[in-house]
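First residue of the sequence shown? That's 93 in this note's numbering, and the numbers climb one at a time after it.
Backbone N, C-alpha and C define an ideal beta-carbon position, used for all residues, glycine too.
See structure below.
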Amino acid sequence: MAQHSVEQRAITAEAANAAVVAAVAKAGELGIRINVAVTDASGVLAAFLRMPGAFLHSVDIAIDKAYTSAGFGFATAQWAGILQGDEALRLGMPTRPRNVVFGGGLPMREGGALIGGIGVSGGSAEQDEICARAALAALGLDC
93 MAQHSVEQRA ITAEAANAAV VAAVAKAGEL GIRINVAVTD ASGVLAAFLR
143 MPGAFLHSVD IAIDKAYTSA GFGFATAQWA GILQGDEALR LGMPTRPRNV
193 VFGGGLPMRE GGALIGGIGV SGGSAEQDEI CARAALAALG LDC
């Protein structure tokens, strides 16, 4: 009989929580205040943590960075290169609701399988990505 479904892996609640805690710890080392979100592989919020004093608008940006990186399976910082040379894409993709086209969002992979996304907002795009990478490193995950 033909199969009409596929199995999908998802980050555990414990791992999602550990990831946001690790990102916040890195932000503390950098002297910045961040919001950090983790989604499952389908982009649904799994964990969120806001440091006191982090920018209010960065709440949604962090969630959307995680959503974007989980949805497309690549780092949000890669959009700059992807959009170069394609005028229609460059104009259209940044206007898509919830799509973030600057750094700070990373996919979360375990053994090559996409299990979620992490988004950090509050520092520069580079600082945000450093915090996200620290979270992945703490869990031994790839992006």
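Per DSSP, the bridge partner or partners of L78
With the chain covering 93 to 235 only, the question about residue 78 has no answer from this structure.
Candidates D156, A226, Q170: which alpha carbon is nearest E121's?
Position 29 of the sequence shown, counted from the first residue, corresponds to residue 121. For E121, the nearest C-alpha among the options comes from A226.
Rounded C-alpha distance that separates G135 from N109
As a working mapping, residue 135 is identified with position 43 in the sequence shown. As a working mapping, residue 109 is identified with position 17 in the sequence shown. Going from the Cα of G135 to the Cα of N109 covers about 16 Å.
Any beta carbon from chain B within less than 9 Å of L137's own beta carbon?
Annotation note: the requested chain B is absent from the structure, which comprises a single protein chain.
Just the C-alpha distance for F164 and P199, rounded to the nearest angstrom, thanks.
As a first step, residue 164 must be located in the sequence shown, where it is residue number 72. As a first step, residue 199 must be located in the sequence shown, where it is residue number 107. About 8 Å.
For the beta strand (DSSP E) that contains N127, what are its first and last residues?
Against the sequence shown, residue 127 aligns to sequence position 35. Looking at the DSSP string, the run of the beta strand (DSSP E) that includes N127 is 127 to 132.
Rounded straight-line distance, which links the Cα of G209 to that of D220
Along the sequence shown, one-based indexing puts residue 220 at 128. Along the sequence shown, one-based indexing puts residue 209 at 117. Cα to Cα, the separation comes out at about 14 Å.
Which of the three DSSP states is assigned to A167 in this structure?
Along the sequence shown, one-based indexing puts residue 167 at 75. A167 falls in the coil class under three-state DSSP.
Going along the chain, which residues of its own chain have a beta-carbon closer than 8 Å to the beta-carbon of P144, five neighbours each way excluded?
Indexing the sequence shown from 1 puts residue 144 at position 52. R125.
I think I155 touches D132, with their Cβ atoms under 8 Å apart; what is that distance to the nearest whole Å?
Taking the first residue of the sequence shown as 1, we reach residue 155 at position 63. Taking the first residue of the sequence shown as 1, we reach residue 132 at position 40. The pair is not a contact, with the Cβ atoms about 13 Å apart (cut-off 8 Å).
Compute every distance between the C-beta of E202 and the non-hydrogen atoms of the ligand ADP, then say whether any falls below 8 Å.
The ligand ADP is not part of the structure shown, which contains no ligands of any sort.
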